[in-house]
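Residue numbering for the sequence shown follows my numbering, beginning at 35 and increasing consecutively.
Where a beta carbon is used, it is the ideal one built from N, C-alpha and C, also for glycine.
Values in this document were obtained by computation on a predicted structure and should not be read as measured data.
In what follows, a single structure is set out as structure tokens and then discussed.
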Amino acid sequence: MGIYGAASKIAMIMAMITQAFRYAYEPFVFGKAKDKDSRQVYASAMKYFIIFTLLAFLVVVGYIDVLRHIIGRDYWPGLRVVPIVMAAEILMGVYFNLSFWYKLTDRTIWGAWFSGIGCAVLIAVNVIFVPQYGYMACAWAGFAGYGTAMLLSYVVGQRYYPINYPLKSIGVYVAIALLFFVVMQLSEAYVPQMWLRLLVNTGCIVLFVAHTVHYDFPLSNLPVVGKYFKR
């Protein structure tokens, strides 16, 4: 478990991002609750949260050859848990984003149910699989627990407080991130030169950013310098 704890320090970059989001997002949600377009704003916030966390995920995975020096060389074998723990943190952030429906509708008991079921899944996976798979099971347990709570909150939330999330657009970003993650994993496995791996991974990150800029953050909308990008 010392290996898991050390490797998870790198994944805590994602935890810091989600924690910052939580502090900023909660007062924003309640401040917008009475606005007519509040649900559309919540949907957009969800999309942008996922985009930025996926970008952070790719950056950490892409530069793991550099970031691994944060921990001791003896703990490097545990770095394979980093993508799983980071993905679990993303799911936790999405769950937090979804959780406001039961606060806004005064149905907070659902939050207890979702958290309890997610916790039960996490404990069950740990109990069943840790003896055989060790710390890798711990990583997947967090992923399964947060994922379960997230899915339950979404399904029930759409019944009591429906929000038209841009699932197709979000799905495209997730698919692109997964594709680039696979490319990064292949480069780690089959490219011996670190500089070449970093070059490949940087290319993936740049392409992800380029897609984001093209479809959701056009440079022409930037203050001051945006006028130079207008056609």
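Can the beta-carbon of Ala171 be found closer than 7 angstroms to that of Val161? no
Cβ neighbours of Asp140 in the same chain (closer than 6 angstroms, five flanking residues each side left out): none
Rounded distance between the beta-carbons of Ala41 and Tyr109, thought under 8 angstroms: 6 angstroms
Rounded to the nearest angstrom, what separates Tyr249 and Phe130 at their Cα positions? 26 angstroms
Cβ-based neighbour list, Val259, same chain, cut-off 6 angstroms, excluding 5 preceding and 5 following: Confidence in Val259 is poor, its pLDDT being 46 and thus under 50, which makes the residue's placement too unreliable to answer from.
Just to confirm my understanding: we take Tyr188, look at its own chain, exclude 5 residues before and 5 after, and list those with CB closer than 7 angstroms. What are they? Leu132
Out of Thr52, Ala58, Leu89, Ala77, point me to the one whose CA is closest to Thr246's CA. Leu89
Take the Cβ of Asn198 as the centre, count every other Cβ of all protein chains shown within 10 Å, and call the residue buried at 16 or more, exposed below. exposed
For Val259, the three-state DSSP class (helix, strand or coil): Interpretation of Val259 is limited by its pLDDT of 46, a score under 50 that renders its predicted location unreliable; no figure is taken from the coordinates.
Please classify Ile104 as buried or exposed, where buried requires at least 16 other C-beta atoms within 10 Å of its C-beta. exposed
Within 10 angstroms of its Cβ, does Phe251 collect 16 or more other Cβ (buried), or is it exposed? exposed
What alpha helix (DSSP H) runs, 4 residues minimum, are completely inside the stretch 98-152? 98-101, 116-132, 134-138
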